[in-house]
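Chain order of the listed sequences is E and G. Quick note on this note's numbering: the first sequence kicks off at 1 and runs consecutively. Quick note on this note's numbering: the second sequence kicks off at 1 and runs consecutively. All C-beta atoms in this analysis are idealised placements derived from N, C-alpha and C, irrespective of residue type, glycine included. These figures come from a predicted structure and were not determined experimentally.
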Amino acid sequence: MSEAPLSPGEASAMELENIKRALDRSAIVAITDTRGVITSVNDKFCEISGYDRSELLGCTHKVVNSGFHPPEFFQSLWKTIAVGSVWEGEIKNRRKNGDDYWVHTTIVPFLDARGKPERYISIRFEITARKDAEVKTLEYARKLEQSNRDLENFASLAAHDLQEPLRKIQAFADRIAARDAERISEQGNVYLGKLLDASGRMRALISDLLTLARVSTHGGESKLINLGNAVFDALQDLELKIEETGARVVAIDLPEIRADPSQVRQLFLNLIGNALKFRHSARAPLIEIRAAHDLPGRVSVAVSDNGIGFDSRHADRIFKPFQRLHTRAEYEGTGIGLAVCQRIVERHGGTIRAEGHPHEGSVFHFTLPSALSPLPDESSHFPLRRKGSSHE
Amino acid sequence: MNDTPPPLRIVVAEDDPDDRMLLSEAFDECGLTTVSKEIVFVQNGEELLDCLRGRGPFNKSGAKGSSFDSPPLVLLDLNMPLMDGREALRAIKNSASLRCIPVVVLTTSSQEVDVDACYEQGASSFITKPVRYSDLVRMARQVKEYWLDIVKRPRHFDPS
Chain E
1 MSEAPLSPGE ASAMELENIK RALDRSAIVA ITDTRGVITS VNDKFCEISG
51 YDRSELLGCT HKVVNSGFHP PEFFQSLWKT IAVGSVWEGE IKNRRKNGDD
101 YWVHTTIVPF LDARGKPERY ISIRFEITAR KDAEVKTLEY ARKLEQSNRD
151 LENFASLAAH DLQEPLRKIQ AFADRIAARD AERISEQGNV YLGKLLDASG
201 RMRALISDLL TLARVSTHGG ESKLINLGNA VFDALQDLEL KIEETGARVV
251 AIDLPEIRAD PSQVRQLFLN LIGNALKFRH SARAPLIEIR AAHDLPGRVS
301 VAVSDNGIGF DSRHADRIFK PFQRLHTRAE YEGTGIGLAV CQRIVERHGG
351 TIRAEGHPHE GSVFHFTLPS ALSPLPDESS HFPLRRKGSS HE
Chain G
1 MNDTPPPLRI VVAEDDPDDR MLLSEAFDEC GLTTVSKEIV FVQNGEELLD
51 CLRGRGPFNK SGAKGSSFDS PPLVLLDLNM PLMDGREALR AIKNSASLRC
101 IPVVVLTTSS QEVDVDACYE QGASSFITKP VRYSDLVRMA RQVKEYWLDI
151 VKRPRHFDPS
């Protein structure tokens, strides 16, 4: 098409016209005076709000007020734009027919020659669908959490009830063994012994399952604690074993963290206890604990030992409950210790992994919330709740 | 005449009939029998209080007041229906007349119980019921000897 070229003035006017048209097509636009009285609205505003232009011009935005936000919300909004600053946020409005809708809003003051606002332009995008989905997701997550909690409680209740008959089996088998040993055949006594063994083992297994479940159901509050102190507490419980084995535990620069103190103690008790248990016969155990702030809001911890190590093929398996890499004859234990460790770490929003070097040793890496990490409210795990905009 | 110590009295509150039987046998082996009334078994918290106060089925003579002339020792199982052990402990320790009775709390698994809460409520001691019979007998013997020591103590203490 050949036409006479546009003058610079015409060109920029057309450019503005194009931009305005694009804006009007995509966003809800309104212009108000300094008192908030609407002087101009685009078609989309009318379309979304359900009001005619004539019903909007000359009114303030009170026309679309849904009553959801407290007065303070709008006071703060006005304070911001009255000094010439841009305000951005999410507002819930109400259509003419009474339905509510959410808009992501940006209000930009147009300043006069003295730098004072003379008009306000608000540009909005409807986000009702997204908001609704958010609410639904939150509700679903809450239900899921509750269901998980119920499951955990059930597991722990069941475990407790399961232990009772087992205790009786042990008690009466033992009673027979004590009272009637002479009257029973030798083989009979052997069987009794096996009865006692098996029921004792089952009791230990159930007790361990209970311990595992309780990490979630009976977890305590997170507090600001010194990681070194938590390690020290764990070492107190292992004093005898440490002395027996001639073990050395070296802790390097352990910082403050925000966590459940008794669970962190349990975590180190299990890890260091394992390191002592699976020590190498040819040397005294050397256990090192290191920490680093290499992730925002987290402290990375590494617990390493010079014990018998393990084949890295099993690096994932060892965290599963009751998965043992050795027979009962070789090493005692039910195999729940690392599962408990994993659950404790995960409850604090982290992950744990293991490195095994057969005959050389093992390293366990995990993260815990640092002292500067946000309060549990805002983390992605327990509990799920949004700070700020309430939905009630 | 004042040398003869009052008879040993132990009241065991245990709801489970199997545990009652085992405890009864264990104390039997220590020479404490229900026949001599040195040891009495009750089944729940309410019965325990009745026994201690000499009320209801424990009021054989028809006269008012407890059949104990000195405070007995109470072995109390925590998990009992119909006024559970914790409530019974609270009732005893909140009562002006019963408060002086020492209560040893019994439980089957230390995992489930808040030990501190028991001590705070006034329990004198806390025992996890042993599974092995020999350990149960040893526990019974220890309880008996502990109590024998207590009842043998002179009624008045004059350190001057």
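Cα-Cα separation, residue i to residue j
i	j	result
Asp-161 of chain G	Leu-23 of chain G	Because chain G is modelled from 1 through 160, residue 161 of chain G falls outside the range shown and cannot be assessed.
Ala-329 of chain E	Tyr-140 of chain E	47 Å
Leu-77 of chain E	Glu-10 of chain E	37 Å
Gly-356 of chain E	Asp-116 of chain G	41 Å
Ala-26 of chain G	Gly-200 of chain E	21 Å
Ser-66 of chain E	Glu-126 of chain E	15 Å
Val-42 of chain G	Val-74 of chain G	10 Å
Ala-88 of chain G	Ser-134 of chain G	29 Å
Cys-100 of chain G	Lys-152 of chain G	17 Å
Arg-130 of chain E	Arg-124 of chain E	14 Å
Ala-354 of chain E	Val-86 of chain E	51 Å
Gln-170 of chain E	Ala-181 of chain E	15 Å
Ile-107 of chain E	Ala-13 of chain E	24 Å
Glu-90 of chain E	Val-299 of chain E	35 Å
Arg-343 of chain E	Val-103 of chain E	41 Å
Pro-5 of chain E	Asn-18 of chain E	17 Å
His-359 of chain E	Asp-208 of chain E	29 Å
Pro-130 of chain G	Leu-136 of chain G	5 Å
Arg-138 of chain G	Leu-8 of chain G	18 Å
Ser-97 of chain G	Val-249 of chain E	55 Å
Phe-172 of chain E	Thr-211 of chain E	26 Å
Thr-137 of chain E	Leu-57 of chain E	38 Å
Glu-118 of chain E	Leu-16 of chain E	21 Å
Phe-74 of chain E	Asn-270 of chain E	54 Å
Arg-20 of chain G	Ala-371 of chain E	52 Å
Leu-148 of chain G	Arg-149 of chain E	49 Å
Gln-266 of chain E	Ala-178 of chain E	37 Å
Residue-chain proximity (residue i, chain E), Cβ-Cβ < 9 Å
i	result
Thr-108 of chain G	yes
Val-143 of chain G	no
Ala-140 of chain G	no
Val-115 of chain G	no
Leu-136 of chain G	yes
Val-131 of chain G	yes
Asp-77 of chain G	no
Asn-2 of chain G	Only weak support exists for where Asn-2 of chain G lies, its pLDDT of 49 falling under 50; the value from the coordinates is given anyway. Chain E contact via Cβ: absent.
Within-9 Å CB hit, residue i to chain G
i	result
Arg-175 of chain E	yes
Gln-266 of chain E	no
Arg-179 of chain E	yes
Gln-263 of chain E	no
Ala-171 of chain E	yes
Paired residues, beta bridge with residue i - DSSP
i	result
Phe-364 of chain E	E:Val-303 and E:Ala-354
Trp-102 of chain E	E:Lys-92
Ile-10 of chain G	G:Ile-39 and G:Leu-73
Thr-137 of chain E	Note: Thr-137 of chain E sits in no beta bridge, so no partner.
Arg-124 of chain E	E:Ile-28 and E:Thr-105
Ala-292 of chain E	E:Ser-300
Trp-87 of chain E	E:Ile-107
Arg-258 of chain E	E:Leu-224
Thr-107 of chain G	G:Thr-128
Proximity test, Cβ basis, 9 Å: residue i and chain A
i	result
Gly-200 of chain E	Looking for chain A here will not work: the only protein chains present are E and G.
Task: Interface residues of the region 7-28 of chain G facing chain E [CB-CB below 7 Å] - done: Hits within the stretch, in order: Asp-18 and Leu-22.
Open item on the list: Assess contact between the region 41-58 of chain E and the region 94-102 of chain E, defined as three or more Cβ pairs (one per stretch) separated by less than 8 Å. Is contact present?
Closed with: The region 41-58 of chain E is in contact with the region 94-102 of chain E.
Task: Three or more C-beta pairs below 8 Å linking the region 263-280 of chain E and the region 294-308 of chain E - done: Note that the region 263-280 of chain E touches the region 294-308 of chain E; at least 3 beta-carbon pairs, one per stretch, sit closer than 8 Å.
Open item on the list: Three or more C-beta pairs under 8 Å: does that hold for the region 58-76 of chain E against the region 150-166 of chain E?
Closed with: Result no; under three Cβ-Cβ pairs closer than 8 Å.
TODO: Report the residues of the region 151-170 of chain E with a CB closer than 8 Å to any CB of chain G, ordered along the chain.
DONE: Those residues of the region 151-170 of chain E placed with their C-beta closer than 8 Å to a C-beta in chain G are His-160, Gln-163, Glu-164, Arg-167, Lys-168 and Gln-170, ordered along the chain.
Open item on the list: Does the contact criterion of 3 or more C-beta pairs under 8 Å hold for the region 308-323 of chain E versus the region 331-343 of chain E?
Closed with: By the criterion of at least three beta-carbon pairs nearer than 8 Å, the region 308-323 of chain E is in contact with the region 331-343 of chain E.
Task: the region 242-260 of chain E contacting the region 284-296 of chain E, beta-carbon criterion three pairs below 8 Å - done: Because the criterion of three Cβ pairs below 8 Å is met, the region 242-260 of chain E and the region 284-296 of chain E touch.
Task: Three CB pairs or more closer than 8 Å across the region 255-275 of chain E and the region 209-228 of chain E - done: Touching, yes.
Open item on the list: Under 8 Å: do the region 206-220 of chain E and the region 183-190 of chain E share three or more Cβ pairs, one atom per stretch?
Closed with: Verdict: no, contact absent.
Open item on the list: Does the region 120-132 of chain G come into contact with the region 102-109 of chain G, if we say contact requires no fewer than three beta-carbon pairs (one atom in each stretch) closer than 8 Å?
Closed with: Yes: at least three Cβ pairs fall under 8 Å.
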